[in-house]
Every structure is written in C-alpha cells, then in structure tokens.
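Here my numbering is used: the first residue of the sequence shown is 901, the next is one more, and so on.
This report refers to the structure that appears directly beneath it.
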Amino acid sequence: MSRNLNINIQMSEASKEATEKMKYLWTLENSEIPIIEVDLNLASKEVCYYTSKIEWYENRKVTKRIDYHGPSLSIPIFKGLKYKVGSISPRSITKDEIKLIDNGQLYITNNKVIFVGSIGNKSIPISKLLFIESIENGVVLNKETGTTPIIKVDTEFEWLTLMLILNRLIKKVNAKPKENQCLIIIDINETLI
C-alpha cells in the first residue's frame, strides 16, 4: 500500500521487532506451527514447536509445627519432678504453597511437553492435558492425574507463544476420536417404541 501511495515508511528497530513478533504470533494462531530443530532425541514423526528456558513450579503442602500455644504453669513437686498445667500440646499448620522445583529447558513437541531440568527431567503427553490456565508470565498445566505443574517464562512474548502453541495442540488432540470412544448417532425422525 505504501508503494501505491509513494510513501516511504521509516520504522525504528523496536517497531520492526514488534512487527515480526506479531507476524509470528499470527502464524501460530492461523497457520501451520513452525517446526524448530533441537538437540533432543525425539520419537519418529515427533517434531518440536517450542523451546525456552523456564522455571518449573508445583503446589506442595507445607506443614509447620508450632510447639506451644496458650498459658501454662509449672509447679515443682520435689527435686527433678515438676507438674505442668496448661495447654502445651504441639500443633501443626498445613497449607499449600507454590514451590520452585527446578530450572531448565522446556520443549513442546506435537506429542509431549518435555522438561530437561538441572535436577531431573519430566515428560507430559499432550493427550493427558485437560486444559491450561494463564498466570502472569506463566502457564498452569492441568492434567488428568498427578501434580499440576506451573511453568514460568521470562517475557510476555514467550508466554503468548507458549499459550498459543499449547492451546492449538490440546484442541488438535481433543478433536481426534480416542481409543475405546463410542460415538452414538440417533435419528430423531425415527419414532422410538
């Protein structure tokens, strides 16, 4: 359009970079997801769409022990023996906390979410993901069973990229009929006796 109007558009480097990012996000949402080459042994017909350095968090129950609560009194009976009065029974408080489990590299393939961490590795089949939730610069992976991992990335662009790719893959997997899935078709024009 600028050529037709004989206008020369000057864009700053930041504007060019932002335009390229928007083009890439549009491609992720509306076209084939670009395949990237990674140094990871993938299964046959498995391709990688995303990789980034991330922090892997999980919800963990944390129990804190409180040894004393309430007033008490200690009465000496004779040398070495005391009678204690009051509430001194130990209590504990349990609450859920989001704990950093590991740092490492995340890979999203057409079949799995793969995490290669400094402490350990994890792999979640895309078919086991029910849905994802968006949090600030991160994604919560809600699975059928087990712990619910929370993935944190560095930038908003990484977060948008991760969200778009995971959403597309989950929709694609859920659109396929699963094994042992029964499809029942009822003709509503047919009278039932």
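All C-beta atoms, glycine included, are put in the ideal place defined by N, C-alpha and C.
Remember, it's a predicted structure, so these values are computed and weren't measured experimentally.
Grab me the residues of residue i's own chain with a C-beta within less than 7 Å of its C-beta, minus the 5 sequence neighbours each way, in chain order.
i	result
residue 1018	1002, 1003, 1004
residue 1044	1028, 1030
residue 999	957, 958, 960
Within 10 Å of its beta-carbon, does residue i have 16 or more other beta-carbons around it, so buried, or fewer, so exposed?
i	result
residue 1062	buried
residue 1012	buried
residue 1059	buried
residue 1039	buried
residue 940	exposed
residue 926	exposed
residue 919	exposed
residue 905	exposed
residue 928	buried
residue 981	exposed
Please list the terminal residues of the continuous alpha helix (DSSP H) segment that includes residue i.
i	result
residue 1055	Where residue 1055 is concerned, there is no enclosing alpha helix (DSSP H), given that its DSSP letter is neither H nor E.
residue 1041	No alpha helix (DSSP H) contains residue 1041, which is instead part of the beta strand (DSSP E) from 1038-1043.
residue 925	913-930
Where do the N-terminal and C-terminal ends of the beta strand (DSSP E) with residue i fall, by residue?
i	result
residue 1000	991-1009
residue 1016	1012-1017
residue 905	No beta strand (DSSP E) holds residue 905; DSSP gives it neither H nor E.
residue 1030	1029-1035
residue 1023	1021-1025
Which same chain residues, not among the five before or five after residue i, have their C-beta less than 6 Å away from its C-beta?
i	result
residue 958	1001, 1047, 1049
residue 1022	1015
residue 994	961, 963
residue 1051	954, 1038, 1039
residue 992	963, 965
residue 975	983
For residue i, which residues of its own chain have a beta-carbon under 8 Å away from its beta-carbon, when the five flanking residues on both sides are left out?
i	result
residue 1055	1037
residue 1067	1032
residue 938	948, 951, 1007
For residue i and residue j, what's the separation of their Cα atoms in angstroms?
i	j	result
residue 1025	residue 1074	13 Å
On the DSSP bridge assignment, give the partners of residue i in chain order.
i	result
residue 981	978
residue 955	1003, 1052
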